[in-house]
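Colleague:
Protein chains: 2
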Amino acid sequence: MIKAGILGGGQLGRMLLQTAANYPVETYILESDPNCPAAKLCHQFVLGNINDYHDVLNFGRGLDVITIEIESVNIEALEQLEKEGICIIPSPAAIRTIRNKVSQKLFYSENHIPTSPFVITNKREELKHHPGFIPGVHKIGMGGYDGRGIQVIETDANISMGFDVPAVFEKKVNIKKEISIIVAVGTDGKMAVYPPVDMIFDPHLNLLSYQICPAGISKNISQKAEAIAIKVVKELKSAGLFAVELFISDNDQIFVNETAPRVHNSGHHTIEAAYCSQFDMMWRILLRYPLGNPQLILPAAIVNLVGETNASGLANYEGLEQVLAIENVFVHIYGKKETRPGRKMGHVTILAENETILLHLANKVRHTLFVRAK
Amino acid sequence: MIKAGILGGGQLGRMLLQTAANYPVETYILESDPNCPAAKLCHQFVLGNINDYHDVLNFGRGLDVITIEIESVNIEALEQLEKEGICIIPSPAAIRTIRNKVSQKLFYSENHIPTSPFVITNKREELKHHPGFIPGVHKIGMGGYDGRGIQVIETDANISMGFDVPAVFEKKVNIKKEISIIVAVGTDGKMAVYPPVDMIFDPHLNLLSYQICPAGISKNISQKAEAIAIKVVKELKSAGLFAVELFISDNDQIFVNETAPRVHNSGHHTIEAAYCSQFDMMWRILLRYPLGNPQLILPAAIVNLVGETNASGLANYEGLEQVLAIENVFVHIYGKKETRPGRKMGHVTILAENETILLHLANKVRHTLFVRAK
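Chain order of the listed sequences is L and F. Read in the working numbering, the first sequence has 290 at position 290, and its numbers run on one by one without any break. Add 1000 to the 1-based position in the second sequence for the working numbering, that's all there is to it.
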């Protein structure tokens, strides 16, 4: 039986493992938290630090294939494992390019992939030298995640809030819409492209508040966006599953915002709404099976379930019964013991015939289900 | 968090656990085989015999709710646990009625539920006293499973093949079709009924060879069959999920064949084809959430993947890649290390627009995918 390892044991690992049980595969998780969401669904849980060279190396030796559920991993160890003949999907080179926003942004410009105008800064004070980029967004190269490490610089007065480490300074684009396109690439290079997803953000937490698939964009924009997403993934030259997030500007220009080299929050609806879910697709890639069908069976919305502001402690899900009473609503609770403000605790998928109903139900779910502390 | 226990760790337990990870629930499995399909997907695996009074009692104490994935369990222990206030779904009384074919059959006749004519026998030689029931089928009361404990008595000469233990002797009915209807009952008594499934058997192994949903029956027959299935479940007076198998005779009479008080092979297509799968539905019942939507999203077929005749040993899945290359085909391998002739090793679900395509693809799958021994 193939031995497959995942670096990281969060909710993405958990959902990967739920699907892994359909296939003849032995699953291994490396994670430093023994109570992580994925700990009880794998054949072998290995306690260790995914950022530690030796932990990753020891974990990987003896496995057939390794993937990640977060970009922040020890790449040097993955590179060494790759040299030793272990299959790493996505490739360490692709992870290296993506996980640093500086190299990711340079990758887009070097490959003529449209992205918002930017400069690279190493120190906070350098922001002063680029008045043409204000208002802009300052993003740290390494370590930013879920809204952390991102600072909007509206005026010169905000420059002091910028980062004093290598970072990208992007000119603010007037965004009409933000969409995500997930592209799967098999080890044979074959591709499957999921329909675009509309991503609607919560301006306070900079966390997704809900998503609708298919996105409400014209066929023309959709095709252009798909072509760009495919180009991103082709230039990364790696098997795997990639979520390409794109901005659509007021004047219908399309820019790549960022890419994630893994299963992604914007693809969670595919569990119920697509023929082949992103998690199933990922296993087909890892196990070298033919890719599945990424098409939608029904339109879907996702509502992210995040910890309420000012609530920290043992998680309590309020309104679960009421939400499950709505027809064709599906709840995924990630099994995290403790909630914290803004922490991703679960998601809810809604299936319905059209966007109007989806939006109505998504709002209903948002105003019914809360993660509070006990 | 609710603590839920399952007696048995086979594929039904495995698929229940895949879905359990969507909900805030701590899962416990009792099973004597530490390498069983469900062992690595639960919070707590407890090694023990589900037919042993003390093992079941010790397992159950401290849990909030208990269910089964096989009828052959120690009912006395479940009855004791029920007295101690632990919620058992289905009720021990319902399991007691169903797990013995003699009491099950008497239950149908006492409740005026149509079932094929029968007599109860305690010894083989009693078969001689019922010439009017030959050709008939002799079924042992306790312990029959997957085609074991069933003997067709075509002529008087076959009587010596009958069973020398309490058994049911049924008059053979000319069957046109065998269907299954799964009925879910919440703890509040609310019901959800899945669309009927056509069950097509392999005459050699008496194992399902494939199933099609919805069944190819008239609306009239379908409604009558549903009414009978609902009556069966109502008279069992228990929450839970029940698969009612029915015969449709040549002259369109409907008889209940048997009932399973648990998730069932004939409902596996619901994972991909129904809004709410039978496994999701079972958790909604166990966790006292509202029932889900049992309706089909798309027509579906299931092909059972059983161990090839004359093959025993480490399982090897031949043709997996070819089958996964067919659009909208989904494979579920149960993770059993060893194959044996006729052993249920997995199933394949096919989604398609209509029955013609489903039958075509089901046959293709049957002639492509094999479980052989290494």
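Heads up, the beta-carbon is just placed ideally off N, CA and C, and yes, glycines get one too.
Quick one: is F/Cys1087 near chain L, going by C-beta distance under 8 Å?
Modeller: Not an interface residue.
Colleague: For L/Ile285 and L/Tyr23, what's the separation of their Cα atoms in angstroms?
Modeller: So the alpha carbons of these two residues sit roughly 12 Å apart.
Colleague: Count the other C-beta atoms from every protein chain shown that fall within 10 angstroms of the C-beta of L/His268, then say buried if there are 16 or more, exposed otherwise.
Modeller: Its Cβ being crowded by 16 or more others within 10 Å, L/His268 is buried.
Colleague: Using a Cβ-Cβ distance under 8 Å, would F/Pro1024 count as near chain L?
Modeller: It does: the Cβ of F/Pro1024 has a partner Cβ on chain L nearer than 8 Å.
Colleague: Candidates L/Gln80, L/Lys83, L/Gly292: which alpha carbon is nearest L/Met191's?
Modeller: Answer by Cα proximity: L/Gly292.
Colleague: Between the region 1321 to 1344 of chain F and chain L, which residues of the former have a C-beta closer than 8 Å to a C-beta of the latter?
Modeller: Result list: Glu1321, Leu1324, Ala1325, Glu1327, Asn1328, Phe1330, Val1331, His1332, Ile1333, Gly1335.
Colleague: Can you tell me whether F/Met1161 is helix, strand or coil according to DSSP?
Modeller: Three-state result, F/Met1161: helix.
Colleague: So, helix, strand or coil for L/Thr115, using DSSP?
Modeller: Strand, per DSSP.
Colleague: Helix, strand or coil: how does DSSP classify F/Met1199 here?
Modeller: F/Met1199: strand per DSSP, three-state reduction.
Colleague: Entirely within the region 241 to 298 of chain L and at least 4 residues each: give me those alpha helix (DSSP H) ranges in chain order.
Modeller: The region 241 to 298 of chain L contains these whole alpha helix (DSSP H) runs: 270 to 273, 278 to 286.
Colleague: Looking at C-alpha atoms only, which residue of F/Ser1266, F/Leu1030, F/Lys1003 is the closest neighbour of F/Gly1010?
Modeller: When only C-alpha atoms are compared, the closest one is F/Leu1030.
Colleague: Using a Cβ cut-off of 7 Å, which residues of the region 71 to 86 of chain L contact any Cβ in chain F, in chain order?
Modeller: The region 71 to 86 of chain L vs chain F, Cβ under 7 Å: nothing.
Colleague: According to DSSP, is F/Asn1363 helix, strand or coil?
Modeller: Helix.
Colleague: Among L/Ala157, L/Glu125, L/Ile113, which has the Cα closest to the Cα of L/Ala225?
Modeller: Comparing Cα-Cα distances from L/Ala225 to each of L/Ala157, L/Glu125, L/Ile113, the minimum goes to L/Ile113.
Colleague: Closest to L/Val197 by C-alpha separation, out of L/Val102, L/Ile221, L/Lys337, L/Ser32, would be which residue?
Modeller: Minimum Cα distance to L/Val197 is reached at L/Ile221.
Colleague: Please check if any C-beta of chain F sits within less than 8 Å of the C-beta of L/Asn111.
Modeller: Cβ-Cβ to chain F under 8 Å: no for L/Asn111.
Colleague: Determine whether the Cβ of L/Leu298 lies closer than 8 Å to any Cβ atom of chain F.
Modeller: Yes, because at least one Cβ of chain F sits closer than 8 Å to the Cβ of L/Leu298.
Colleague: Use the C-beta contact count for F/Gly1062: other C-beta atoms within 10 angstroms, 16 or more gives buried, fewer gives exposed.
Modeller: Looking at its Cβ environment, which holds fewer than 16 other Cβ atoms inside 10 Å, F/Gly1062 is exposed.
Colleague: Please list, in chain order, all residues of the same chain as L/Ile140 whose beta carbon is under 6 Å from its beta carbon, the five residues on each side excluded.
Modeller: So the qualifying residues of the chain are Gly149, Phe163, Val165, Ala167.
Colleague: Helix, strand or coil for F/Tyr1108 per DSSP?
Modeller: F/Tyr1108: helix per DSSP, three-state reduction.
Colleague: What residues from chain L crowd round F/Pro1290, counting only those whose CB sits closer than 9 Å?
Modeller: The contacting residues are Glu321, Gln322, Leu324, Ala325, Ile326.
Colleague: Figure out for me which residue from L/Arg343, L/Tyr108, L/Val185, L/Ala215 has the closest Cα to the Cα of L/Asn310.
Modeller: Of the candidates L/Arg343, L/Tyr108, L/Val185, L/Ala215, the one whose C-alpha sits nearest the C-alpha of L/Asn310 is L/Arg343.
Colleague: Between the C-alpha atoms of L/Glu178 and L/Glu76, what's the straight-line distance to the nearest angstrom?
Modeller: C-alpha separation (whole angstroms): 33 Å.
Colleague: I'd like to know whether the C-beta atoms of F/Ala1325 and F/Ile1297 end up nearer to each other than 8 Å.
Modeller: Contact flag unset, no.
Colleague: Could you give the first and the last residue of the continuous beta strand (DSSP E) run that contains F/Thr1019?
Modeller: Taken as a continuous stretch (DSSP letters only), F/Thr1019 belongs to no beta strand (DSSP E), being part of the alpha helix (DSSP H) at 1011 to 1020.
Colleague: Opposite F/Thr1067 in the DSSP bridges: which residues?
Modeller: DSSP output for F/Thr1067 lists F/Ile1006 as bridge partner(s).
Colleague: Assuming contact is defined by CB atoms lying nearer than 8 Å, are L/Ala94 and L/Pro261 in contact in what I supplied?
Modeller: It is a contact, given that the beta carbons lie within the stated cut-off.
Colleague: Check whether the Cβ of F/Ala1274 sits closer than 7 Å to any heavy atom of the ligand ADP, and report yes or no.
Modeller: Ligands in the displayed structure: none, and consequently the ligand ADP is not present.
Colleague: Where does L/Tyr53 sit, in a helix, a strand or coil, going by DSSP?
Modeller: Reduced to three states, the DSSP call for L/Tyr53 is helix.
Colleague: Could you check what DSSP says for F/Glu1318 in three-state terms: helix, strand or coil?
Modeller: Correct three-state label for F/Glu1318: strand.
Colleague: Quick check on this structure: which residue in L/Thr339, L/Gln80, L/Ala301 has the alpha carbon closest to the alpha carbon of L/Glu318?
Modeller: Of the listed residues, the one whose Cα sits closest to L/Glu318 is L/Thr339.
Colleague: How about L/Asn354 and F/Tyr1275: are their beta carbons less than 8 Å apart?
Modeller: Cβ atoms of L/Asn354 and F/Tyr1275: not closer than 8 Å.
Colleague: Check whether chain L comes within 8 Å of F/Ala1274, counting only Cβ atoms and requiring the distance to be less than that.
Modeller: Output row for F/Ala1274: interface = no.
Colleague: Between the region 228 to 235 of chain L and the region 108 to 125 of chain L, can you find at least three pairs of beta-carbon atoms closer than 8 Å?
Modeller: Yes: at least three Cβ pairs fall under 8 Å.
Colleague: Whole angstroms is fine: what's the gap from L/Ser91's alpha carbon to F/Asp1188's?
Modeller: Going by the C-alpha atoms only, they are around 52 Å apart.
Colleague: Within the continuous alpha helix (DSSP H) that includes L/Ile75, where are the two ends?
Modeller: Where L/Ile75 is concerned, the enclosing alpha helix (DSSP H) stretches over 75 to 83.
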